[in-house]
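Numbering (mature numbering (1 follows the signal peptide of the UniProt record, and there is no 0)), first residue to last: -22 to -1, 1 to 375.
We treat Cβ as the ideally placed atom computed from N, Cα and C, and that holds for glycine.
Given the structure is predicted, the values throughout are model-derived calculations rather than measurements.
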Amino acid sequence: MKRFMLATVAMTALLAPAAASAQDARLEARAILPADATFPAPFPGVPNTDPAPAPGAAQPVGGFSALLDAGNGSYWAMPDNGFGNKTNSRSFILRLYKVRPNWRTEWSGRGTVNIQSAITLSDPDEKVPFPIVNETTPERILTGGDFDIESVRQLPDGTFYFGEEFGPFLLHVDAQGKVLDAPIAIPRIGGQPRVQSPDNPYLFGRTPNLGGSSGFEAMALSHDGKFLYPILENAVTGDDPLIRRVYEFDVKERRYTGRTWNYRMTQPGLFVSDAVAIGRDQLIVTERDNNQGEAAAWKKAFVIDVPDRRPNLAKREIVDLLNIRDRDGISLFGARPGDFGLGNPFEFPYVTVEAVLPLSNNELLFVNDTNFGSTGRNSALPDYSDFIVLKVPGIRN
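(1) With residue 254 as the anchor, note down where its beta strand (DSSP E) starts and where it stops.
(2) Please confirm whether residue 91 and residue 11 have their CB atoms less than 7 angstroms apart.
(3) Quick one: is residue 114 buried, meaning 16 or more other Cβ sit within 10 Å of its Cβ, or exposed?
(4) Using 8 angstroms as the threshold, is the stretch 78 to 90 in touch with the stretch 134 to 147, meaning 3 or more CB pairs across them?
(5) Measuring only the C-alpha atoms, how far is residue 271 from residue 330?
(6) What's the call for residue -6, buried or exposed, on a 16-neighbour Cβ count within 10 Å?
(7) Are there 16 or more other CB atoms within 10 angstroms of the CB of residue 75, so buried, or fewer, so exposed?
(8) Can you list, in chain order, the residues of its chain with a C-beta nearer than 6 angstroms to that of residue 317? Leave out the 5 residues immediately preceding and following it.
(9) Can you tell me whether DSSP reads residue 148 as helix, strand or coil?
(10) May I have a chain-ordered list of the alpha helix (DSSP H) segments no shorter than 4 residues that lie completely inside the stretch 209 to 244?
(11) Do residue 111 and residue 121 have their C-beta atoms within less than 7 angstroms of each other?
(12) If I'm right that residue 345 touches residue 365 with Cβ under 8 angstroms, what's the distance once you round it to whole angstroms?
(13) Using DSSP with H/G/I as helix, E/B as strand and the rest coil, what is residue 86?
(14) What does the Cβ neighbour count give for residue 102, buried or exposed, with the cut at 16 atoms within 10 Å?
(15) Identify which residue in 36, 165, 322 has its Cα closest to the Cα of residue 299.
(16) Rounded to the nearest angstrom, what separates residue 38 and residue 237 at their Cα positions?
(17) Going by CA-CA distance only, name the one from 182, 294, 42 that's closest to residue 280.
(18) Whose C-alpha, out of 99, 66, 50, 320, is nearest the C-alpha of residue 56?
(19) Judging by CA-CA distance, which residue of 40, 269, 119 is the nearest neighbour of residue 31?
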């Protein structure tokens, strides 16, 4: 992605007519992780409880808010803060899970997902300057009572940056999950007030100017690995309600550059749910509504060109996740009574579609966040983690 020459670039989204490829997205593979999947942990994750170490304990895995390529057919899949908010997620460990799907295709495959390992986030060097849930323990394992991680990118040096929502902050950890720096808040830019959510530990009685669960839901890493582009999920108080602020962060200097621009939502009531670089000068950005099942109306992905020195960007729809071709019947494998949106067309009707990863050959990998009880696929059953690979002709136009 090219750097911007202007201090602030207005990213007015000129919504072009839907490209043919938006109607041609085809389901190529699918794999499912059950809603009740767990993984070993030093203490169990239970809503509304504090950490209680116990032999043989396990954490619920839940759904995923971000995906990274881990190589050899495996992926890093990241749950968010857990059970929904800061108060009830104090025992939910912040982790990256290494998962390997056994894809169901038109030819064969079990359609299952194996959890291979996990990276647990921790702060043994006490880089976090405010009290955390496991403040007095040697390991200082981080939980959903400390941060609400929603996006993640891995740098060429193997370290990870997480975008989170309580601050909102950027959180930098090494390849083993150990915090390397104090959480990085959004600075004052251009004389604007500092952006803070209701859960910000430095609020000190001030009025927040960002709603809860509205922080860095999406974050792209530039193609050259030099810059992060975290995007707020919702509008800052006083902004146009359709505007989502985008920031530039220099990973070498470990600071915000002061460059910002705006991403304009297609219509009111939508949220930015993920962003990822594709090629040198483009991003894929996903948008979602807050509905599920038959009520779901907007789960889409767009390509945005990021040209140098241009004040406006053309936004081109590439995927409608509620209208996916499945002429081979891949989605029908293992169907349950009451399941919604299977067959041709196939639908991805989950309330929080929050992760997209470009693969090779014009393929995109998506997965949903289950929210520990969302019922987008079946009104009588909690959602599973639904991994899908789509063939999307013409992603790069």
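Quick look at the numbers:
(1) 249 to 255
(2) yes
(3) exposed
(4) no
(5) 11 angstroms
(6) For residue -6, the predicted model reports a pLDDT of 40, less than 50, meaning its position is unreliable; a value from the coordinates is still stated below. Exposed is the call here.
(7) buried
(8) 355, 356
(9) strand
(10) none
(11) yes
(12) 5 angstroms
(13) coil
(14) exposed
(15) 322
(16) 39 angstroms
(17) 294
(18) 99
(19) 119
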